[in-house]
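Chemist: Numbering (the UniProt record's numbering), first residue to last: 1 to 541.
1. Identify the continuous alpha helix (DSSP H) that holds residue 224 and give its terminal residues.
2. How is residue 346 classed by DSSP in three states: helix, strand or coil?
3. As a quick exercise: from 534, 533, 532, 524, pick the residue whose alpha carbon is nearest that of residue 95.
4. Look at residue 493 and residue 102 and say whether their C-beta atoms are less than 8 Å apart.
5. Which value, in whole angstroms, describes the spacing of the CA atoms of residue 339 and residue 321?
6. Residue 360: buried (16+ other C-beta within 10 angstroms of its C-beta) or exposed?
7. Report yes or no: do the segment 299–310 and the segment 351–370 share at least 3 C-beta pairs separated by less than 8 Å?
8. Out of curiosity, what's the CA-to-CA distance linking residue 168 and residue 267?
9. Using a Cβ-Cβ cut-off of 6 Å (strictly less than) and excluding sequence neighbours within five positions of residue 526, which residues of its own chain qualify?
10. So within the segment 257–288, which uninterrupted alpha helix (DSSP H) runs reach at least 4 residues, ignoring any that extend past its ends?
11. Under the DSSP definition of a beta bridge, which residues are partnered with residue 407?
12. Are the beta-carbon atoms of residue 467 and residue 407 separated by less than 8 Å?
13. Going by beta carbon distance, what residues of the same chain come within less than 7 Å of residue 298, once the five residues before and after it are set aside?
14. Would you say residue 279 and residue 173 are within 8 Å of each other, going by their C-beta atoms?
15. Could one say the Cβ of residue 331 lies closer than 8 Å to chain D's Cβ atoms, at least one of them?
16. Does the beta-carbon of residue 175 have 16 or more other beta-carbons within 10 angstroms, so that it is buried, or is it exposed?
17. Tell me residue 164's beta-bridge partners as DSSP assigns them.
18. Would you list the residues sitting across from residue 136 in a DSSP beta bridge?
19. Should residue 501 be listed as close to the ligand PLP, given that the test is whether its C-beta is under 7 Å from any heavy atom?
20. Counting along the chain, where does the beta strand (DSSP E) carrying residue 235 start and finish?
21. Check whether the Cβ atoms of residue 156 and residue 136 sit closer than 8 Å, and answer yes or no.
22. Jot down the residue ranges of each uninterrupted beta strand (DSSP E) in the segment 105–136, minimum 3 residues, whole runs only, in chain order.
23. Between the Cα of residue 85 and those of 111, 197, 385, spot the shortest distance and give me the residue it belongs to.
24. Are there 16 or more other CB atoms within 10 angstroms of the CB of residue 187, so buried, or fewer, so exposed?
25. Tell me residue 442's beta-bridge partners as DSSP assigns them.
26. Using a Cβ-Cβ cut-off of 8 Å (strictly less than) and excluding sequence neighbours within five positions of residue 90, which residues of its own chain qualify?
27. Tell me whether residue 501 is buried or exposed, calling it buried when 16 or more other Cβ atoms sit within 10 Å of its Cβ.
28. Inspect the beta-carbon positions of residue 212 and residue 264 and report whether they are closer than 8 Å.
29. Specify, as a first and last residue, the run of the alpha helix (DSSP H) that residue 433 falls within.
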């Protein structure tokens, strides 16, 4: 079992147990915001000038087997034996995901199950003392190796931190722990008679802590925005165990740095989130779903772009290509058989009168792009059937798998809305060129599309073709001024692409913030950026 990195030299040890102070936090954000926090380090290459960026690319050294065993004893004393696991099956379950594009043979050394912010803080202090990596874990549904443990260490599973701590109906917000499922939050609101809802709708099993870490979006992002826009504040634990609260509870504040925006999307590399205050939104008076099919993918995506630009207040605007609709039909997940053509699935929200006006506008735009075969569900059952065709597509893919061990590959790219048709057309072509069977779908309302593929885990040839497909669509997306990921995060799977997208200087600025908060690189190491890759990019400049 690999417990530590063997690459020297280790970072300097601190004489203080508080190696990361709040003063350091302020300095880190000052660096991010153009302040005067200068590390004044320099890469040895003569091609790189002196800079305020941290260009020390030496790898951290982590505690070995002895430190792990000592930490396990301390965890057991802190949490109790039933909240500490070294069971092989438990370690494998936390270290590997059949949904992820990136996995490693290394598993975490131990799983701990805290129940409070204070316990997470104490866990972090133990890990900091023994220089053990920490990997936060909530739902385990990440798709780019975000929860893998390439350096072993401690997996902090938030499963028991699943309480809804408060709902402030009049203020339209709720305070939750990280393992609360977003669907459970909405069920709770409905059960208590609330007229509010939580707006972000990713996959059915996503937990809010993980949603914060990747700032995911989902089907409703065209109306409510990504997770980052739905956070009021965070309580988080830094690498040395320091507990911070990023701000108070008003909807707006200009008091200091926006730390919750910095932590959101950082994939657990800056802090471990333990409480989240989320925005709630009024339930719309009327919700109407609609489906429309098109002869070509270009027609569908161009219609979607025009719908967005028309100003229609859609609640969701999703597309599925012909292959995706075929997958739904073959799985039998719905009693209806759908047209196997490029399809838009739309949700309209508002008043009775407003919704009718929206439908009329969208009907007109869709017909301009050769759309037809409109379906307007009239009952709750019909609405559920239609919506499940989109929301359950990944499970449909798994259900149709005929091999031995399925491996899912779901990657995403986002581009400016005006370039979406071009991006999706290219992705469709590349799937055909490389002989890949999978569906294209996505949140066309904000320019984000996904490719969903399932293949035999040990089929190296298919895996290689899928990797090449991913590389091609990401590079094309970047050529269109897009991003390598709209909502899945960088994780370990897209580290190379982040440098392609932003350049080594910007990624080095991110790493400078990371190292000022987490100098020993204990928080989710091996994610978002790689020191070796950055060193090569700077050396080649």
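Just so you know, even glycine gets a beta-carbon here, dropped at the ideal spot from N, CA and C.
Modeler: Short version:
1. Residue 224 -> alpha helix (DSSP H) spans 221–224.
2. Of the three classes helix, strand and coil, the one that applies to residue 346 here is strand, per DSSP.
3. That would be 524, whose Cα lies nearest to the Cα of residue 95.
4. Contact: yes.
5. So the alpha carbons of these two residues sit roughly 11 Å apart.
6. Classification for residue 360: exposed.
7. Using a Cβ-Cβ distance cut-off of 8 Å, the segment 299–310 and the segment 351–370 are in contact, since at least three pairs of beta carbons, one from each stretch, lie closer than that value.
8. Going from the Cα of residue 168 to the Cα of residue 267 covers about 28 Å.
9. Closer than 6 Å at the Cβ level, and outside the excluded window around residue 526, lie 150, 492.
10. Unbroken alpha helix (DSSP H) runs of no fewer than 4 residues, entirely contained in the segment 257–288, are found at 259–263, following chain order.
11. DSSP lists 455 as the beta-bridge partner residues of residue 407.
12. Not a contact, by the Cβ cut-off of 8 Å.
13. The residues 421, 425, in chain order, have a CB closer than 7 Å to that of residue 298 in the same chain once the five nearest residues on each side in sequence are set aside.
14. It is a contact, given that the beta carbons lie within the stated cut-off.
15. The structure shown contains no chain D; it is built from a single protein chain.
16. Residue 175 is buried by the Cβ-count criterion.
17. DSSP lists 176 as partners of residue 164.
18. In the DSSP output, where bridge partners are listed per residue, residue 136 has 156.
19. Of the ligands one can find in the structure shown there are none, so the ligand PLP has no counterpart to examine.
20. Residues 231–237.
21. Yes, Cβ-Cβ distance for residue 156 and residue 136 is below 8 Å.
22. With a minimum length of 3 residues, the continuous beta strand (DSSP E) runs that stay inside the segment 105–136 are 110–112.
23. Closest by C-alpha distance to residue 85, out of 111, 197, 385, is 111.
24. Residue 187 is exposed by the Cβ-count criterion.
25. Answer is 319, 449, bridged to residue 442.
26. Around residue 90: 111.
27. Buried: at least 16 other Cβ atoms inside 10 Å.
28. Against a cut-off of 8 Å, the Cβ pair of residue 264 and residue 212 comes out as a contact.
29. Residue 433 -> alpha helix (DSSP H) spans 420–433.
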